[in-house]
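A.B. asks: Got a structure for you, questions after.
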Amino acid sequence: MDKVIEIQSLMKQFDGFSAVNGISFSVEKGEFFGLLGPNGAGKTTTIRMLYGYSPLTSGMLRIFGMDINTDCRRIKARIGVCQQENTLDPDLSVEQNLHVFAGYFSIPKKEAIERSRELLDFFALSHKKDAKVIELSGGLVRRLILARSLINRPELLILDEPTTGLDPQSRHQVWEKLEELKKFGLTVVITTHYMEEASQLCDRLVILDHGKILVDGSPESLIERHAGKHIIEIEGPDQALIEYIKRHAVEYDDLGNRLILYDPEGKGMNNTIRQQFCNEKCIYRNSTLEDVFLRLTGRELRE
Amino acid sequence: MVYKKIWKVNFLTPLLEPLFYILAFGLGFSGLIENVHYGGVDFSYTAFIAPALIATAIMWNAFFETTYGSFVRMYYQKTFDGMLATPLSLEEIIIAEISWSATKSAGAATIMLTVLGLLGFVQFPMGLLLIPLAFIGGLAFGAIGMFFTGITPTIDMFNLPIFLFITPMFLFSGTFFPVSNLPDWAQPVALAFPLYHLAELARRFSIGTSEITPIISIGYLTVFFIFFTHLALGAMRKRLIQ
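Chains A and B supply the protein sequences, listed in that same order.
Residue numbering for the first sequence follows my numbering, starting at 357 and increasing by one per position.
Residue numbering for the second sequence follows my numbering, starting at 3 and increasing by one per position.
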């Protein structure tokens with residue numbers, strides 16, 4: 357398979373602080389790739405290097421087989437970027453925003469008008485095409501930014517927290533559109549804080565922390581490997597349970613008055629625990645990516 | 003290649019203001035001052051300041067556009083961030099901003115030229131040279147404005163270059179009185195002001211005389227533009243590329 361992105365020992369330093377500290381990964385054509393991590397883990401910095409916004413401190417970054425340091429302009433012509441912040445022009449209408457942006461890619465006027473119409477249709481924005489950006493709700497703004505990032509028919513789409521701050525309806529709609537784009541064979545790199553979003557959309561993901569990659573794999577394999585299929589949460593654990601856990605070397609997290617028990621290797625310990633120690637304050641559930649994330653990056657607040 | 007695809011911001015520049023100056027100075031002041039002896043010729047005071055008002059309008063338009071206008075686009079609207087995700091480079095964006103400010107200056111100068119021409123303060127066809135002149139002047143002031151945008155932490159801080167640089171220049175660049183009326187020690191200072199050269203050129207093209215050779219003034223403005231464009235690019239790179 358073709359590699360769309362190849363990264364090796366990528367580093368980014370700001371005044372001696374390493375925001376990205378030697379990461380390596382690659383993304384294949386048609387893949388939906390996730391970059392996860394707590395605030396300050398280096399996600400946005402990585403993304404910014406991907407679209408040529410931040411120069412690399414060291415390492416190798418190739419997109420479409422071209423080096424970002426030497427072919428930045430040719431690379432940028434073939435990617436679409438949806439930044440975290442709203443970078444739309446508030447003075448212009450929805451449609452004009454797309455037209456002006458098309459101009460930055462030197463797309464001929466006629467073609468720009470046609471593509472804008474298609475994209476507004478696709479993102480259900482046609483009824484708002486003459487509205488001023490300033491009048492749009494958060495969900496509409498996000499859809500417009502997404503539409504704008506596709507104006508140059510990119511082969512690689514880079515999304516930096518595309519659904520942060522959206523209501524559940526808008527978020528699901530964005531997911532739906534992203535799923536559709538995925539079907540067209542678009543390669544996508546996404547950062548997000550929503551584990552649900554990552555598990556639903558991503559074929560493969562990495563979890564970053566302190567500028568390094570902690571794990572790499574598909575959402576399912578990561579869950580299986582690091583949390584096991586199921587999890588037991590027990591509130592107010594008694595001494596007997598704690599002794600049992602220690603004796604059988606069960607993997608757990610102690611949250612004070614709550615214990616979370618993992619079963620990554622599928623030892624089948626769950627049943628025993630459930631039968632012997634579970635009273636009413638006991639939850640047995642499927643593991644999620646969030647469990648993996650919290651296990652790997654810790655539970656303390658970051659900022 | 004420079005992309006000039008910038009926003010069609012409304013053209014409501016403070017154009018009336020210089021016209022008010024003409025009225026105020028022409029009607030009010032000219033009673034106090036009979037004639038101005040300038041470049042070997044006597045002019046009415048209004049005829050003397052009319053070309054300088056075009057020069058100041060060129061300055062204000064370009065300077066405001068690349069200070070407040072560009073700062074809002076850069077800092078509040080994040081427009082530059084969005085543009086940097088396209089094949090555009092920072093250099094192109096900055097130079098396009100400066101060119102746009104110069105275009106705005108030329109537009110303002112054209113409107114003023116029409117009004118002042120109708121009032122008989124400008125000789126034609128030579129006066130038409132004021133339009134390309136406005137573009138050159140706009141580039142010079144747009145460049146220094148962009149440099150201030152590159153180093154100014156908050157939008158309120160633009161007061162500083164305006165009070166320390168623009169206002170004194172507005173008053174002492176041979177705009178309201180000939181620089182030759184200034185004391186000897188002050189004359190070289192005025193000569194260093196880009197507005198002095200712009201005002202001189204505006205007079206040369208509209209009333210046919212000036213204190214200084216036009217080619218020197220054009221050269222000065224061009225060097226000023228190139229110098230501050232380089233500084234602006236450096237400041238912007240430092241500010242935006244991280």
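For each residue, glycine too, the CB sits at the ideal point set by N, CA and C.
No experiment lies behind these values; they were computed from the predicted model shown.
Once the 5 residues before and after Asn642(A) are set aside, which same chain residues still bring their CB inside 8 Å of it?
C.D. replies: For Asn642(A), where only same-chain residues beyond five positions count, the Cβ hits under 8 Å are Lys585, His586, Ile587.
A.B. asks: Would DSSP call Tyr23(B) helix, strand or coil?
C.D. replies: Of the three classes helix, strand and coil, the one that applies to Tyr23(B) here is helix, per DSSP.
A.B. asks: Count the other C-beta atoms from every protein chain shown that fall within 10 angstroms of the C-beta of Gln244(B), then say buried if there are 16 or more, exposed otherwise.
C.D. replies: Classification of Gln244(B): exposed, given that the 10 Å Cβ count is below 16.
A.B. asks: Give the range of the beta strand (DSSP E) segment to which Ile546(A) is assigned.
C.D. replies: Where Ile546(A) is concerned, the enclosing beta strand (DSSP E) stretches over 543-548.
A.B. asks: On a CA-only basis, which of Met171(B), Phe45(B), Phe165(B), Ser103(B) is nearest Gly210(B)? Give me that one, please.
C.D. replies: The shortest C-alpha separation from Gly210(B) is found at Phe45(B).
A.B. asks: Quick check on the DSSP output: what are the complete alpha helix (DSSP H) runs of length 4 or more inside the stretch 407-433 of chain A, in order along the chain?
C.D. replies: Whole alpha helix (DSSP H) segments, 4+ residues: 428-433.
A.B. asks: Let's test the definition: count the other Cβ atoms within 10 Å of the Cβ of Lys308(A) and tell me whether it reaches 16, buried, or not, exposed.
C.D. replies: Summary: the structure shown does not reach residue 308(A), with chain A confined to residues 357 through 659, and so no result is reported for it.
A.B. asks: Please report the straight-line C-alpha distance between His39(B) and Tyr47(B), rounded to a whole angstrom.
C.D. replies: Looking at the two C-alpha atoms, the distance is approximately 9 Å.
A.B. asks: How many angstroms separate the CA atom of Val544(A) from the CA atom of Ser555(A)?
C.D. replies: Cα to Cα, the separation comes out at about 14 Å.
A.B. asks: Closer than 9 Å by beta-carbon distance: list the chain A residues that pair up with Leu235(B), in chain order.
C.D. replies: Neighbours of Leu235(B) on chain A: none; closest Cβ ~15 Å, over 9 Å.
A.B. asks: On a Cα-Cα basis, can you pick out the residue from Leu18(B), Thr68(B), Phe27(B), Leu34(B) that is closest to Ile164(B)?
C.D. replies: Looking at the Cα atoms, Thr68(B) is the closest of the given residues.
A.B. asks: Give me whichever residues DSSP pairs with His455(A) in a beta bridge.
C.D. replies: Answer is none; His455(A) lacks a bridge partner.
A.B. asks: What are the residues in the stretch 442-472 of chain A lying within 8 Å of chain B by C-beta distance?
C.D. replies: For the stretch 442-472 of chain A, which is checked against every Cβ of chain B, the residues closer than 8 Å are Asn442, Thr443, Leu444, Asp445, Pro446, Asp447, Leu448, Val456, Phe457, Gly459, Tyr460, Phe461, Ser462.
A.B. asks: For chain B, check one thing: does any of its Cβ atoms lie closer than 8 Å to the Cβ of Tyr407(A)?
C.D. replies: Yes, Tyr407(A) counts as interfacial toward chain B.
A.B. asks: Are Leu444(A) and Leu500(A) touching if we call contact CB-CB under 8 Å?
C.D. replies: Cβ atoms of Leu444(A) and Leu500(A): closer than 8 Å.
A.B. asks: Measure the C-alpha to C-alpha separation of Pro185(B) and Val117(B) and round it to an integer number of angstroms.
C.D. replies: Pro185(B) and Val117(B): Cα-Cα distance of roughly 34 Å.
A.B. asks: Considering only the beta carbon of each residue, do Ile435(A) and Leu506(A) sit closer than 8 Å?
C.D. replies: The answer is no: Cβ separation not under 8 Å.
A.B. asks: Against chain B, with Cβ distances strictly below 8 Å, would Arg498(A) count as a contact?
C.D. replies: No, because no Cβ of chain B sits closer than 8 Å to the Cβ of Arg498(A).
A.B. asks: Alpha carbon to alpha carbon, how far is Thr224(B) from Cys428(A)?
C.D. replies: Cα to Cα, the separation comes out at about 31 Å.
A.B. asks: Does the beta carbon of Ala87(B) sit closer than 8 Å to a beta carbon anywhere in chain A?
C.D. replies: It does; some Cβ of chain A falls within 8 Å.
A.B. asks: Report the residues of the stretch 390-422 of chain A with a CB closer than 7 Å to any CB of chain B, ordered along the chain.
C.D. replies: Answer set for the stretch 390-422 of chain A: Tyr407, Tyr409, Ser410, Pro411.
A.B. asks: Using a C-beta cutoff of 8 Å, does Lys432(A) count as contacting chain B?
C.D. replies: Interface residue, yes.
A.B. asks: With DSSP collapsed to three states, give me the class of Val124(B).
C.D. replies: In this structure, Val124(B) counts as coil in the three-state DSSP scheme.
A.B. asks: Going by the CB atoms, is the gap between Ala64(B) and Phe149(B) shorter than 8 Å?
C.D. replies: The answer is no: Cβ separation not under 8 Å.
A.B. asks: Report the rounded CA-to-CA distance for Leu448(A) versus Gln439(A), giving the unit in angstroms.
C.D. replies: About 19 Å.
A.B. asks: Whose CA, out of Ile95(B), Pro89(B), Ile56(B), lies closest to the CA of Gly152(B)?
C.D. replies: Answer by Cα proximity: Ile95(B).
A.B. asks: Give me the Cα-Cα distance between Met367(A) and Arg404(A), rounded to the nearest whole angstrom.
C.D. replies: Cα-Cα distance, rounded: 12 Å.
A.B. asks: Name, please, each residue of chain A whose Cβ falls closer than 9 Å to the Cβ of Ile243(B).
C.D. replies: Chain A residues near Ile243(B): Tyr409, Ser410, Pro411.
A.B. asks: Quick test of the definition: if touching needs 3 or more C-beta pairs under 8 Å, does the stretch 556-566 of chain A touch the stretch 378-387 of chain A?
C.D. replies: Contact holds: three or more Cβ-Cβ distances are below 8 Å.
A.B. asks: Label His199(B) either buried or exposed according to how many other C-beta atoms from any shown protein chain fall within 10 Å of its C-beta, with 16 as the threshold for buried.
C.D. replies: The residue in question, His199(B), is buried, as its Cβ has 16 or more Cβ neighbours within 10 Å.
A.B. asks: Could you name the residues that DSSP lists as bridge partners for Cys438(A)?
C.D. replies: Cys438(A) is bridged to Leu515(A).
A.B. asks: Between the beta-carbon of Ser175(B) and the beta-carbon of Phe195(B), is there less than 8 Å?
C.D. replies: Their beta carbons are under 8 Å apart, which means Ser175(B) touches Phe195(B) by this criterion.
A.B. asks: List the residues of chain B whose Cβ lies closer than 9 Å to the Cβ of Arg734(A), in chain order.
C.D. replies: Outside the shown range of chain A, which is 357 to 659, sits residue 734(A), and nothing can be said about it.
A.B. asks: In chain order, what residues of the same chain lie with their CB nearer than 6 Å to the CB of Ile639(A), ignoring the 5 residues before and after it?
C.D. replies: Cβ within range, chain order: Glu589.
A.B. asks: Taking 8 Å as the threshold (beta carbon to beta carbon), is Gly84(B) in contact with chain A?
C.D. replies: For Gly84(B), the answer is yes, since a Cβ of chain A falls inside 8 Å of its Cβ.
A.B. asks: How is the alpha helix (DSSP H) around Asp647(A) delimited, first residue to last?
C.D. replies: Looking at the DSSP string, the run of the alpha helix (DSSP H) that includes Asp647(A) is 645-653.
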